[in-house]
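Here the working numbering is used: position 362 in the sequence shown is 352, and no number is missing along the way. Quick reminder that beta carbons are idealized off the backbone N, C-alpha and C, glycines included. These numbers come from a predicted model, not from an experiment. Structure record follows, encoded as structure tokens.
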Amino acid sequence: MVKQYNIHLQGLVQGVGFRPFVYNLAQALTIPGSVRNSNDGVEIVVQAEERQMRHFVKRLREEKPEVVSITDINVSETDCPSPSDTFRILPSEVHSDRITQISPDIAVCEQCLDDIKRQPHRKDYPFVNCTNCGPRFSIIETLPYDRPNTTMARFEMCPHCRTEYEQVENRRFHAQPVACNHCGPFYYMGNPAVNPGYLNLLRKVAETIDNGQVIALKSLGGYNLVCDALSGEAVARLRKVKQRDAKPFAVMFSSVEQAREYVHIDGEELKQLTGWRRPIVLLRQKKNLAEGVNPGMNTLGVMLPYLPVHYQLLERTETEVLVMTSGNISNEPIVMEPSEAEKKFTGKVPLIVHHNRPVFNRVDDSVVFVEKGKTQIIRRSRGYVPEPLFIKKEAEGILAFGAELSNAFALGRGNQLLLSQYIGNLHEAETLQFYEETMSRFIDLFRFTPKLLVCDLHPDYFSSHLAEHYATAMGLPLLRVQHHHAHAAAAMIEHGYDTPAIAWCLDGVGLGTDGNGWGSELLKVNYDTFERITHFENMPLPGGDKASGEPWRMAVAYMHHYGYTHGQYPPDFMKNIGSSKIAIIEQMIRRNINTPLTSGAGRLFDAVAALLGICRTSAYQAEAAMKLEAICSGDYTSCYPHAEGRLLGFQPMFEGILGDLVKGTDKAMIAAKFHNTLCETLFYYGRQAVRNEGMNSIILTGGVFQNRRLSGMLREKFENNGITVHMPEMLPCNDGGIAAGQIAVGISKRNA
Ligand code: ZN
Ligand code: ZN
Ligand code: FE
């Protein structure tokens, strides 16, 4: 008997070619009914026999387009008022404050790349897209995802595009950003705007790049600065423009084959590199690009083209690889407005290329790496945001402000945790503005009403200040969560823990409950409480924050702490730093002048890197640790003696390192031994804690675990001993994941 069924679907179902797919499937099965987007998902009505309906739902699940993900299907039977004989796509409907998932931006698909070679009205058209690809999050202003609610609203479709948009069997049926040469956005350059024609513009861009110059190019979520990655001069120019001395740049190759000449790509890495999210993937380097692209590193951040303009540009440049870095100065947010680009880059680069499709939500390129088959995300932005993390608990109304560095904030909506895109370091005035602006955009977009605010324990973080301000202004409760508790809770909620966990949280610094800087915490964690089992011994941090930019100070702090005299320092270090500077630091420590205590693991890496002469002062965050990891070579077993006391001390290791330096042991070997020793130490204490609690898993999190050598080795070690390792995978393990942990703690405290 034919009945009418309502099928309600939730998940990533809008703006990803789902309705046309449903339509075509219904046609193929000759099932009448309708489909429409609503603000909380997709509603399908079918008139069919129960058996037919089940078959239809089964094929929906099995044959859906690649980007679609269905998290919930709810089927209910309704009255069958009048039988219909067609299947229709109905206009979108808004009928509650519930929300549907918004698609992240999707790399251009093969078929669209083909269309710009064949379709007359899209010949060479760089803004081509279809229901399976193109801009999404970066252009959406409000829900539901329909053209008038995006920055494409200002472009009126030409008759040709409109026909494609309206024909259900067309690949562009209801592709909201649909456009062509006649009606869509276009590229232009300079101020006042000049449009020499797209192909001429491309030629000029390619020429400028091949001449060793830097150009600014508006892309999907903002501008990129681009130059030839094989020209040392060009890269040096880029460093000047960006005011960035040493931090590695990411590059773009035109194809996997070309990338393979320079980097190793294994199976999972290939999947990430070529997938629709198209992030920057950190890969092991085989062959160097121009000096200055990634100084001192043995990995290279690589991405493949994700916009038509990238393909078209790389077809025209002589160079096969471009440095492609966020268009910003130093630590500022990525530039997204043409006027802003003109202001920042005029006089610094000879060519600024704009387009007239506004970016509404600014997104940087995302960064991931793969270690032991697991993908980890370092910077979560384009292609990932605003995909929610589905959790087992109700998080409605919780707004988490995140930390200070690599900030991202998060909000709780039902059982969804929505993490913002990478915001950056909140020291910079413009980044603060981006932070506040994005927060209010998220609140609007997701129809969010905050009920509980959560921030870090640190009173001086800007995020904490803003949270306090909101709490007062809105009369809302404010919860403060210890930094490493949040790190661990983020990993717990991602992996669905509902029992206590043991976690190693290693990072640079986070304020502890005792007022000291923490950052090497072995914790027993519940969502609402935590216990500090052990940590690295406290070290003086001479000069406070200043010490983290000057690793040599930490070398002095450790040496002084362990009672070494100037004569016992490596001669190289003495020659470079000098006795008098060392003596000043020793004085500061003895007299306790501006010398807080820290157990931050990052500072141990600093001390060792400085003693080895790899990095005595650092130009960017974690430079010393990254360089120490990069120079490692040799075996994974030889070790210095490791700590076994209540706290983790490293005197025997320092003894060993100094001894090796005297013997003239290769620094690459010393660095490897340091990593091995740290791994052994973390394993020893971690296993003990796991056993004492009768558990069988451990969490590893915090920015230090972006060190692949350490995290890979330690994971293997635990797993060989029957202990499962959980690291954040969908969330960054650095401070970009803190807000998720703050929400997790917020949920449990609210329910307590
Ligand atoms: Zn496409
Ligand atoms: Zn058109
Ligand atoms: Fe942290």
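Chain D within 8 Å of residue i, Cβ atoms only
i, result
"Gly282", "The chain inventory of the structure shown lacks chain D, comprising one protein chain alone."
Cβ neighbour criterion (16 or more within 10 Å) applied to residue i
i, result
"Asn666", "buried"
"Arg193", "exposed"
"Gln611", "buried"
"Arg681", "exposed"
"His344", "buried"
"Val246", "exposed"
"Asp725", "buried"
"Asp104", "exposed"
"Arg234", "buried"
"Gly257", "exposed"
"Asp446", "buried"
"His254", "exposed"
"Thr627", "exposed"
"Leu189", "exposed"
7 Å Cβ shell around residue i - same chain, five flanking residues per side excluded
i, result
"Leu672", "Trp494, Leu704"
"Phe595", "Ala614, Ala615, Leu618"
"Lys338", "Val231"
"Pro323", "Arg352, Gly414, Glu420, Thr421, Phe424"
"Glu361", "Arg698, Ser701, Gly702"
"Val515", "His475, Ala478, Ala479, Met482, Pro490, Ala491, Ala493"
"Val158", "Pro10, Tyr13, Ile79"
"Ile579", "Pro530, Pro532, Ala547, His550, Thr585"
"Gly639", "Glu527, Ala633"
"Gly180", "Ile342"
Same chain, Cβ closer than 8 Å to residue i, five either side skipped, listed in chain order
i, result
"Pro642", "Tyr630, Pro631, His632, Ala633"
"Gly712", "Asn686"
"Val(-8)", "Gln37, Ala38, Glu39, Cys70, Pro73"
"Glu305", "Ser244"
"Asn321", "Gly414, Asn415, His417, Glu418, Thr421"
"Ala620", "Gly286, Met287, Asn288, Thr289"
"Arg636", "Thr524"
Residue i Cβ short of 7 Å to ligand 2 heavy atom set
i, result
"Cys495", "no"
Own chain, CB closer than 6 Å to residue i, minus 5 neighbours either side, in chain order
i, result
"Glu377", "Pro94"
"Met659", "Gly624"
"Thr607", "Glu540"
"Ile737", "Lys383, Ala385"
"Ala16", "Phe77"
"Val216", "Ile205, Leu207, Leu312, Met314"
"Ser371", "Val353, Asp354, Ser356, Gln411, Tyr412"
"Glu576", "His550"
"Tyr213", "Ala206, Gly317, Val325, Ala331"
"Leu389", "Leu401, Pro440, Leu443"
beta-carbon residue i near ligand 3 non-hydrogen atom, thresh 7 Å
i, result
"Ala393", "yes"
"Asp450", "no"
"Gly500", "yes"
"Gly5", "no"
"Gly692", "yes"
"His477", "yes"
"Asn473", "For the record, residue 473 in the displayed sequence is His; it is not Asn. Correct: His473 has its Cβ closer than 7 Å to ligand 3."
"Asp535", "no"
"Trp446", "The identity of residue 446 in the sequence shown is Asp, whereas the question assumes Trp. Checking every heavy atom of ligand 3 against the Cβ of Asp446, none is found closer than 7 Å."
Heavy atom of ligand 1 within 7 Å of residue i beta-carbon
i, result
"Gln101", "yes"
"Val743", "A query on residue 743 cannot be resolved here, the shown segment of the chain reaching from -9 to 742 and no further."
"Asn160", "no"
"Cys123", "yes"
"Asn119", "yes"
### Task
Inspect the CB distances between the segment 635 to 655 and the segment 463 to 473 and report whether three or more fall short of 8 Å.
Verdict: no, contact absent.
### Query
Can you find at least 3 beta carbon pairs, one from the segment 251 to 271 and one from the segment 356 to 367, that sit closer than 8 Å?
Contact between the segment 251 to 271 and the segment 356 to 367 is present, because at least three Cβ pairs lie under 8 Å.
### Query
What residues sit near ligand 2, counting only those whose C-beta is closer than 7 Å to one of its heavy atoms, in chain order?
Here the list is His111, Met147, Cys148, His150, Cys151, Ala169, Cys170, His172, Cys173, Gly174.
### Query
For the segment 472 to 479 against the segment 417 to 427, are there 3 or more C-beta pairs whose distance is under 8 Å?
The segment 472 to 479 and the segment 417 to 427 do not touch, with fewer than 3 CB-CB distances between them shorter than 8 Å.
### Message
So, does the segment 73 to 83 touch the segment 394 to 414, judging by three or more C-beta pairs under 8 Å?
### Response
In this structure the segment 73 to 83 does not touch the segment 394 to 414; the number of beta carbon pairs closer than 8 Å is below three.
### Task
Please confirm if the segment 517 to 532 is in contact with the segment 585 to 593, defined as three or more CB-CB distances below 8 Å between the two stretches.
By the criterion of at least three beta-carbon pairs nearer than 8 Å, the segment 517 to 532 is in contact with the segment 585 to 593.
### Query
Three or more C-beta pairs closer than 8 Å, one from the segment 169 to 176 and one from the segment 271 to 287: is that the case here?
By the criterion of at least three beta-carbon pairs nearer than 8 Å, the segment 169 to 176 is not in contact with the segment 271 to 287.
### Query
Within the chosen definition, does the segment 599 to 606 reach the segment 536 to 550 through at least 3 CB pairs nearer than 8 Å?
With the cut-off at 8 Å, the segment 599 to 606 and the segment 536 to 550 touch.
### Query
Are the segment 544 to 564 and the segment 485 to 501 in contact at 8 Å, needing three or more beta carbon pairs?
The segment 544 to 564 vs the segment 485 to 501: no contact.
#### Entry: Inter-stretch contact (C-beta, 8 Å, three-pair minimum) for the segment 716 to 730 and the segment 478 to 493
Flag = yes, the segment 716 to 730 and the segment 478 to 493 touch.
#### Entry: Segment contact, 8 Å Cβ cut-off, at least three pairs: the segment 320 to 334 with the segment 217 to 225
Judged by Cβ distances under 8 Å, the segment 320 to 334 makes no contact with the segment 217 to 225, as fewer than three pairs qualify.
### Query
Are three or more beta carbon pairs between the segment 107 to 122 and the segment 154 to 173 nearer than 8 Å?
With contact defined as three or more Cβ pairs closer than 8 Å, the segment 107 to 122 and the segment 154 to 173 are in contact.
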